[in-house]
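> Attaching a single structure in structure tokens format; questions to follow.
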Amino acid sequence: MTHALYLLDPDDGPAWAPFAGIRPLSELRAGAHLVRERWETFVGAEATAIFALPHLAGFPEPGVPRVEPRRAVRGPAIIGSSTFAPRGLAGPVPAGTTWQGPVAHAQATNVDGVLLRGVYDLITALEQLLREDVIKLLGDSDAVPKGSTVIGDPAWISVREGAIEPGVLFDTRSGPVVLESGVEVRSGTRLEGPLWVGANSRLVGGAIRGSAIGPWSVVHGEMSTTVMLGYANKSHDGFVGHSVVGRWVNLAAGTTTSNLKNTYGPVRLDVGGEILETGHQFLGTLIGDHAKTAIGTLLSTGTVIGAGASVFAGVRAPKYVKPFDWGGSA
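Offset between the sequence shown (1-based) and the working numbering: plus 153.
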């Protein structure tokens, strides 16, 4: 029996900054795939709708299912949580019954996957899921271009109608490197797996490793263990590590994140005065959609930059920049 798939966002909360209220949380990237895409794969059906905050109804991003406020659902259906990146099949709402909303004491179904406590756990998902994802995505590939250097197994390189200049180094000892259709890689770029790069992105120099880079993005400099949703630019030198970068973000030349405290202790987030314990030793910056930084911007460990913010007032940004802030001063 075919089940309709619905994705359920959590209530608004600081753990989901800087994306809460900006985009459906099922449209965040967990490993190489969006949370929604992971649910669609394991359920075997495209999502019918996403239940999100009321003001997100009609969310206009291309390719996103209908977004609407939470409502009752008549079975047969599967209600998937946007705060869970599944590896296994979800329990259904049987035919003839109606789902009214989440309850505290319902029959449980064990599903293998990664629980997301907040945006910061997209880094956990990346570390746990990306290698498995790119192995499954290897498939058909063009030949590794002449002039490339390969350390590791060349069979773990997947290039699909890309433009790879001579002098690119592929390192597959820790996992595959998968470049989707139309990816351009310039000379002097080092690519270390596991790595997934979405269609039509450009890698224009530097060392890029352990990351999932969404489509139509530009990356230069050093990037490690970072999630880019797509359509974002980091076109110049600077280090970005253990970070989550939203859509349409621009990181100006020299923008650099810290991803480790001097004490080596767990990273805390300050979201508008509310302190969150992440439990992560490594955590860089969480950057909301359409945010921008000025040249030379330094971002402390566990910085949160709200959607639409422009950060340029001083070299070192504050730990929390509210959405649409102009300047980003403390």
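Glycine residues also receive a C-beta, built at the ideal position from the N, C-alpha and C atoms. As the structure is a computational prediction, the values presented were derived from the model and not from experiment.
(1) Thinking C-beta only, is K387 closer than 7 Å to L533?
(2) Quick one: what's I448 bridged to in DSSP?
(3) Can you have a look at P177 and say buried or exposed, based on whether 16 or more other CB atoms are within 10 angstroms of its CB?
(4) With C-beta atoms as the reference, is G359 less than 7 Å away from G374?
(5) Helix, strand or coil: how does DSSP classify L160 here?
(6) Quick one: grab the DSSP three-state call for E314.
(7) Pull up the DSSP beta-bridge partners for A200, would you.
(8) Give the C-beta separation of L113 and G184 to the nearest angstrom, bearing in mind that I take them to be a contact with Cβ-Cβ under 8 Å.
(9) If we count the other Cβ atoms within 10 Å of its Cβ and call it buried at 16 or more, is V393 buried or exposed?
(10) Have a look at L268 and L291 and give me their C-alpha separation to the nearest angstrom.
(11) Would you call the CB atoms of T325 and G305 closer than 7 Å?
(12) In angstroms, rounded to a whole number, what distance separates the CA positions of A243 and H186?
(13) Counting C-beta neighbours from all protein chains within 10 Å, is the total for W349 16 or more, i.e. buried, or is it exposed?
(14) Within 10 angstroms of the Cβ of T378, are there 16 or more other Cβ atoms? Answer buried if so, exposed if not.
(15) Would you list, in sequence order, the uninterrupted beta strand (DSSP E) runs of no fewer than 3 residues that lie entirely inside the segment 379-430?
(16) Roughly how many angstroms separate the alpha carbons of G367 and G459, rounded to a whole number?
(17) Using the C-alpha atoms, what's the distance from G166 back to A278?
(18) Considering only their Cβ atoms, is the gap separating R313 from S486 smaller than 7 Å?
(19) Please classify A447 as buried or exposed, where buried requires at least 16 other C-beta atoms within 10 Å of its C-beta.
(20) So V287 is in the alpha helix (DSSP H); what residue range does that whole segment cover?
(21) By a C-beta neighbour count over all protein chains shown, 10 Å radius and 16 as the cutoff for buried, is H443 buried or exposed?
(22) Our contact map puts E427 next to R421 with C-beta atoms below 8 Å; I'd like the distance itself, whole angstroms only.
(23) Return the Cβ separation of V331 and S301 in integer angstroms, given the expectation that the two are a contact with Cβ distance under 8 Å.
Let me lay it out:
(1) The structure shown does not extend to residue 533, since the chain is modelled only from 154 to 483, so the question has no answer here.
(2) DSSP, once it has assigned bridges, lists no residue as partnering I448.
(3) buried
(4) yes
(5) strand
(6) Looking at E314 - three-state DSSP - the assignment turns out to be coil, as it is neither helix nor strand.
(7) L158
(8) In this structure the chain extends from 154 to 483, so residue 113 is not present and cannot be described.
(9) Taking every protein chain shown into account, the CB of V393 has 16 or more other CB atoms within 10 angstroms, so this residue is buried.
(10) Each residue's Cα considered, the two are about 26 Å apart.
(11) yes
(12) In this prediction, A243 scores a pLDDT of 49, lower than 50, which makes its location untrustworthy; no coordinate-derived value is stated.
(13) buried
(14) Flag for T378 reads buried.
(15) Correct list: 392-394, 421-424 and 427-430.
(16) 20 Å
(17) Between A278 and G166, the C-alpha separation is close to 20 Å.
(18) Here the chain has residues from 154 to 483 only, and residue 486 is not among them.
(19) buried
(20) From DSSP, the alpha helix (DSSP H) with V287 extends over D274 to L290.
(21) buried
(22) At roughly 10 Å, the Cβ-Cβ gap does not stay under 8 Å, so E427 and R421 are not in contact.
(23) About 15 Å separates the two Cβ atoms, so there is no contact after all.
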